[in-house]
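J.:
Numbering (my numbering), first residue to last: 7 to 164.
Shown next as C-alpha cells:
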C-alpha cells in the first residue's frame, strides 16, 4: 500500500516540482511566509506594532488576515508532514537531520496547544503570545534545518 501511495504522491508532486524534496522545501517556505504574516499581524493585534501596518489590508481587518494566514500556514505543512512521516521517517544521519526530526515530532503538538489556547478565555493574557511564539519558533527551526539548508547547500529552484 505505501509503495502505491508513494508512487502516486511522487507522480503528482513531480508534475509541478523537480523532486519531492523540492516540493517539501517550497511548501515549508510558504508555511514560513504565512508564519511571518502571523507574527506581524499578532504583533499588530496585541498593540506591539503600531502604525507600520494599517489596521486593515485591502479592506480585511487584521484579525481576519491573522486567522487566514494561520490556516494557510497549517495547510502548507500537511504535504511536508506527509512526506516526512511516510517517506523519509525519523532520521539521525547527522546533527541537522536529528534536530529536524526531533523538532518536527513536536510541531503538531505545539500547534494543538496553540489552537486550544486560542479558544480558552480563562488563561492569563501572556499564555497566547507565548504559545504562538513557540509555534513560530518551532516552525522557524524546522525551516532553518530543512529549506534554508536546501537553498544554501543544494539549489534554489522548483
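Think of the CB as a built atom: it goes at the ideal place given N, C-alpha and C, for glycine as much as any other residue. Being a predicted model, the structure only gives us computed values, none of them experimental.
Within a Cβ cutoff of 7 angstroms, which residues of the same chain sit near residue 108, ignoring the five residues on either side of it in sequence?
T.: So the list is empty, once near-sequence residues are dropped.
J.: Once DSSP output is grouped into helix, strand and coil, what is the label at residue 10?
T.: With a pLDDT of only 48 at residue 10, under 50, the local geometry of the prediction cannot be trusted, and no value is derived from it.
J.: If you count every other CB in all the chains shown that lies within 10 Å of the CB of residue 98, and 16 or more means buried, which is it?
T.: The residue in question, residue 98, is exposed, as its Cβ has fewer than 16 Cβ neighbours within 10 Å.
J.: Residue range of the alpha helix (DSSP H) that residue 120 falls in?
T.: Looking at the DSSP string, the run of the alpha helix (DSSP H) that includes residue 120 is 101-125.
J.: For the alpha helix (DSSP H) holding residue 34, just list the boundary residues, first then last.
T.: Counting along the chain, the alpha helix (DSSP H) containing residue 34 begins and ends at 26-51.
J.: Return the CA-CA distance between residue 153 and residue 103, expressed in angstroms with no decimal places.
T.: Answer to the nearest angstrom: the Cα atoms are 12 angstroms apart.
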